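S.K.: Protein chains in written order, with our numbering: chain A, 1 to 317; chain B, 1 to 287.
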């Protein structure tokens, strides 16, 4: 099965729920059999997904520290998040991160997908592998490499930039440059993944559309804006939301490169959850912040489901 | 019609080689830029410290050494961390493949009351970010007395909604006649599942397996909070604790460790390439 078909199957799939023809129900024997098949997975999901979601909600209304007595404090933790500038700022930092990460990643991924989609390109297979490679490297290890490349004294990239007359200094300690730097590391790691999705999308565009546009005298840019972009709109919407969700979960490279600094300019929501929940043991506040993250993700996911459905309706209708 | 043919023929023959060469050179330059961090890991791992700390820095080593590799295995419990990574990522993958496919089978091919609802509940749990449930998950594992144990590391991920959903989509697409024939011959439901249905979805199992292994091998947050004993960390969390903001490892040792951390997935990736990219692209679509 081709990558295209598989990718399409995976992201159209949610709309297929309940789309199958009805069958005769099995009796109690089937029910017993089904429970046996389902039991291990349901126990795991109940214990480590469904119960924790409810538990986090309960904790978010308490002053729990993980030990000793805990008291119901109502909305105090949520009020604290939205009225304490220090904490509120983590939401701002994360939004800034997402606002840089999403367009940069999508632009890079789309540009490279267009390049690799040229059938005449020499070494296409090699380039696809090369551009995808960062995606299989752990973000933490990628961050080690970037830390070394950007070292203000002996970093190769820093040295090359200096030779070109660009003096960045210690980017990871610079309050203006630290956030863009951790964003760039994430873009570097992830664009290959989005590129593969775009290539699948590009291969789905019927060739006749380009032929027709060419006959009408459209140049390369006009073909891109009038054929490629509209045809890719669903993929673009999907990928944008996917990147936004990923951006709101940023943690690994920030933990390695800046630890949230300097002056908390890279302190994202998940960094804050980690520090409040596991270092300062303010479990109540960390849980409330977890729920803020949950709600943001939920809203983005629901928008995504709407796109799926609209696309399915368009295809079915 | 002929005018069109002439025009498009002119378009393709006028500057084909120049265009192709230009596209190739652009791709090559970009590939070098993209691969630079990987290259720096691979080269620095074999450089002696004096050369790593020299100014101006260079890319290609003038002398090669294995000293960084011996240091990482003597200064850290690195063999142990490597083993932990394999056990953790491998354990999660094995459990998830078994439990997910069992559940997916029931959801796809057994007709029981409440099946549709159950599927909706499982699929909606895909929207819950793992980071949001971190604290209660940790508390539960701690309550069970499983901190710093393999069962504690693996259990929370031993089944996952995405895997169930993905496999269910594959199971649904298999023709029913396949297993009905076996049932008529008196095969048990488990036998139908194991010997008839599973062998038909090997590509899906491979896809899910690669995805799960890569994700867990590379994961930082869970091993980081879960293991308080340095001996129980994974490669990723172990290296991170010794570098990062409070880092004490010199670059050479760090890069040697990074190279070893990247190698298993790197080799798997180079061996499977297209297959691997398809897998990650399909399954990475998890939201």
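Using N, Cα and C, we set each Cβ at its ideal position, and we do this for glycine too. This structure is a prediction, so every number in the text was calculated from the model and none was measured.
If you reduce the DSSP assignment to three classes, tell me which class residue 258 (chain A) lands in.
M.R.: In this structure, residue 258 (chain A) counts as coil in the three-state DSSP scheme.
S.K.: Are there 16 or more other CB atoms within 10 angstroms of the CB of residue 317 (chain A), so buried, or fewer, so exposed?
M.R.: With a pLDDT of 40 at residue 317 (chain A), under the threshold of 50, the modelled position of this residue cannot be trusted; read the value that follows with caution. Classification for residue 317 (chain A): exposed.
S.K.: Helix, strand or coil: which one does DSSP assign to residue 102 (chain A)?
M.R.: The answer is helix: DSSP assigns residue 102 (chain A) an H, G or I state.
S.K.: I believe residue 256 (chain A) touches residue 148 (chain A) by the beta-carbon criterion, under 8 Å. Please report the beta-carbon distance rounded to the nearest angstrom.
M.R.: So it is not a contact: roughly 12 Å between Cβ atoms.
S.K.: Using a C-beta to C-beta distance shorter than 9 Å, which residues of chain A count as neighbours of residue 155 (chain B)?
M.R.: The answer, in chain order, is 44, 47 and 48.
S.K.: In three-state DSSP terms, what is residue 83 (chain A)?
M.R.: Correct three-state label for residue 83 (chain A): helix.
S.K.: Got a sec, what are the start and stop residues for the alpha helix (DSSP H) residue 169 (chain A) sits in?
M.R.: Looking at the DSSP string, residue 169 (chain A) is not in any alpha helix (DSSP H), and its letter there is neither H nor E.
S.K.: Which residues of chain B have a Cβ atom closer than 8 Å to the Cβ of residue 31 (chain A), listed in chain order?
M.R.: Result: 112 and 113.
S.K.: For the region 105-123 of chain A, which residues have a CB atom closer than 8 Å to at least one CB atom of chain B, in sequence order?
M.R.: So the list reads 112, 115, 116, 118, 120, 121, 122 and 123, given in the order they occur along the chain.
S.K.: Any beta-carbon of chain B closer than 8 Å to the one on residue 233 (chain A)?
M.R.: No, residue 233 (chain A) does not count as interfacial toward chain B.
S.K.: Hey, how far is the Cα of residue 131 (chain A) from the Cα of residue 27 (chain B)?
M.R.: In a straight line, the C-alpha of residue 131 (chain A) is about 10 Å away from that of residue 27 (chain B).
S.K.: Check whether the Cβ atoms of residue 142 (chain A) and residue 187 (chain A) sit closer than 8 Å, and answer yes or no.
M.R.: No. Outside cutoff.
S.K.: Which residues in the same chain have their Cβ closer than 6 Å to the Cβ of residue 146 (chain B), if we skip the five residues on either side of it in sequence?
M.R.: 152, listed in sequence order.
S.K.: Could you please tell me which residues of the region 128-148 of chain A, in chain order, have their CB closer than 8 Å to any CB of chain B?
M.R.: Those would be 128, 129, 130, 131, 132, 133, 134, 135, 136, 137, 138, 139, 140, 141, 142, 144, 145, 146, 147 and 148, in chain order.
S.K.: What would DSSP say about residue 72 (chain A), mapped onto helix, strand or coil?
M.R.: Note: residue 72 (chain A) maps to strand in three-state DSSP.
S.K.: With respect to 7 Å, is the separation between the Cβ of residue 29 (chain B) and the closest non-hydrogen atom of the ligand NAD below this value?
M.R.: Although the ligand NAD was asked about, the structure shown includes no ligands whatsoever.
S.K.: Is residue 49 (chain B) close to chain A? Criterion is C-beta to C-beta, closer than 8 Å.
M.R.: Answer no: the Cβ-Cβ gap between residue 49 (chain B) and chain A never drops below 8 Å.
S.K.: Compare the C-beta of residue 89 (chain B) with all C-beta atoms of chain A and state if any pair is closer than 8 Å.
M.R.: Taking Cβ atoms only, chain A never reaches closer than 8 Å to residue 89 (chain B), which makes this a no.
S.K.: Between which two residues does the alpha helix (DSSP H) carrying residue 100 (chain B) extend?
M.R.: Residue 100 (chain B) -> alpha helix (DSSP H) spans 78-109.
S.K.: Please go through the same chain and pick out, in chain order, the residues whose beta-carbon is closer than 8 Å to the beta-carbon of residue 65 (chain B), but skip the five residues on each side of it.
M.R.: Counting only Cβ-Cβ distances below 8 Å, and skipping sequence neighbours, we find 46, 47 and 48.
S.K.: Mind listing the chain B neighbours of residue 159 (chain A)? Cutoff is C-beta to C-beta under 7 Å, in chain order.
M.R.: Here the neighbours are 56 and 57.
S.K.: Give every residue of the same chain whose Cβ lies closer than 7 Å to the Cβ of residue 66 (chain A), excluding the five residues on either side of it in the sequence, and list them in chain order.
M.R.: So the list reads 281 and 283, once near-sequence residues are dropped.
S.K.: Three or more C-beta pairs under 8 Å: does that hold for the region 89-103 of chain A against the region 226-244 of chain A?
M.R.: Counting Cβ pairs under 8 Å, three or more are found: they touch.
S.K.: Check whether the region 67-80 of chain A and the region 186-200 of chain B are in contact - that is, three or more C-beta pairs closer than 8 Å.
M.R.: No, the region 67-80 of chain A is not in contact with the region 186-200 of chain B.
S.K.: Would you mind telling me which residues of chain A sit closer than 7 Å to residue 128 (chain B), beta carbon to beta carbon, in chain order?
M.R.: In chain order: 49, 53 and 294.
S.K.: According to DSSP, is residue 62 (chain A) helix, strand or coil?
M.R.: Note: residue 62 (chain A) maps to strand in three-state DSSP.
S.K.: Which chain B residues are close to residue 65 (chain A), counting only those with a beta carbon under 9 Å from its beta carbon?
M.R.: By Cβ distance, chain B contributes nothing, its closest Cβ being about 11 Å from residue 65 (chain A), past 9 Å.
S.K.: From residue 87 (chain A) to residue 219 (chain A), what distance separates their C-alpha atoms?
M.R.: Whole-angstrom Cα-Cα distance: 50 Å.
S.K.: What residues from chain B crowd round residue 40 (chain A), counting only those whose CB sits closer than 7 Å?
M.R.: Those are 99, 102 and 159, listed as they occur along chain B.
S.K.: Given a cut-off of 8 Å, decide if residue 197 (chain B) and residue 174 (chain B) are closer than it, judged by their beta-carbon atoms.
M.R.: Closer than 8 Å, so yes.
S.K.: Write down the C-beta distance between residue 205 (chain B) and residue 101 (chain B) rounded to the nearest angstrom, noting that I regard them as a contact closer than 8 Å.
M.R.: Between residue 101 (chain B) and residue 205 (chain B) the Cβ distance is about 7 Å, and since that is below 8 Å, they are a contact.
S.K.: Below 9 Å on C-beta distance, what does residue 277 (chain A) contact in chain B?
M.R.: Result: 134, 135, 138 and 225.
S.K.: Go ahead and pull the three-state DSSP assignment for residue 129 (chain B).
M.R.: In the structure shown, residue 129 (chain B) sits in coil (DSSP, three-state: anything other than H, G, I, E or B).
S.K.: Which residues, taken in chain order from the region 241-271 of chain A, show a beta carbon closer than 7 Å to some beta carbon of chain B?
M.R.: Listed by position along the chain: 242, 245, 249, 251, 252, 255, 256, 259 and 270.
S.K.: If the cut is a Cβ gap below 9 Å, which residues of chain A does residue 18 (chain B) touch?
M.R.: Ordered by position in chain A, no residue passes the 9 Å Cβ test against residue 18 (chain B), which lies about 12 Å from the chain.
S.K.: Which residues of chain A have a Cβ atom closer than 7 Å to the Cβ of residue 232 (chain B), listed in chain order?
M.R.: The contacting residues do not exist; residue 232 (chain B) stays about 16 Å from chain A at best.
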